[in-house]
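Sequential numbering of the sequence shown, starting at 1, is according to UniProt numbering.
Below: one structure, written as structure tokens.
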Amino acid sequence: MAAAASSKFCPNCPPEDVCEELRKIVRRLVFQKKAETGTRGLAERIMDQLNGTRAGWAGHDEAITNLKNQIAKVMKDFSDNNCGDKAPIGNDAKAWINHPNPTIDQLKMDAVEEPGLFDMKRWEQITGLTGAALITYLVISEGSRLFPPRNAIPVP
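Quick look at the structure:
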């Protein structure tokens, strides 16, 4: 007689429901969306890593590794309960589980460049002026600083 199915991830599940519950846990860990559950799944984490910036690279890499470790523990329980044929995980989930952690060379989008000192958009934001008014302001206030006599006048 086969031993009754049991799981540390679903201790109160009836034996006949253990495999289905473990399958749901694995798929949730892979496919959950932050917008829906407040927590990113493995697929969303990997895509964020590939489309993110260098700044958050280490944190995302650690989160991906932790998720994979968590999924591996559930998959071990899944295997220990001989659930493979009873409740298939699905090839889509397996593809994400077996996907290697992204490398920095795969980064698709890097940080946006900061606007330069002479960038018109930057000056529009700083002064609130646009067009001819902005040009006039820059010529009078900033351009006159280049004229030495202005700098020679003592300020009381």
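A virtual CB, placed ideally from N, CA and C, is assigned to each residue, including glycine.
Proximity of the segment 32-39 to the segment 8-15 falls short of the contact definition, fewer than three beta-carbon pairs being nearer than 8 Å. Of Leu129, Asn101 and Ala93, the smallest CA-CA separation from Arg23 is found for Ala93. DSSP places Ile97 inside the alpha helix (DSSP H), whose first and last residues are Asn91 to Ile97.
Nearest Cα to Ala63 within the set Val74, Lys73 and Gln49: Gln49. Within the same chain, no residue comes within 7 Å of Ala58 by CB-CB distance, once the 5 residues on both sides are set aside. Residue nearest to Ile104 within the set Asn51, Gly128 and Asp80 is Asn51 (criterion: CA-CA distance). Inter-residue distance for Glu142 and Leu107 is about 40 Å (C-alpha atoms, whole angstroms). The alpha-carbon separation between Cys19 and Cys83 amounts to approximately 5 Å.
Assigned with DSSP and collapsed to three states, Leu22 falls in helix. No Cβ-Cβ contact shorter than 9 Å links Trp96 with Ile140.
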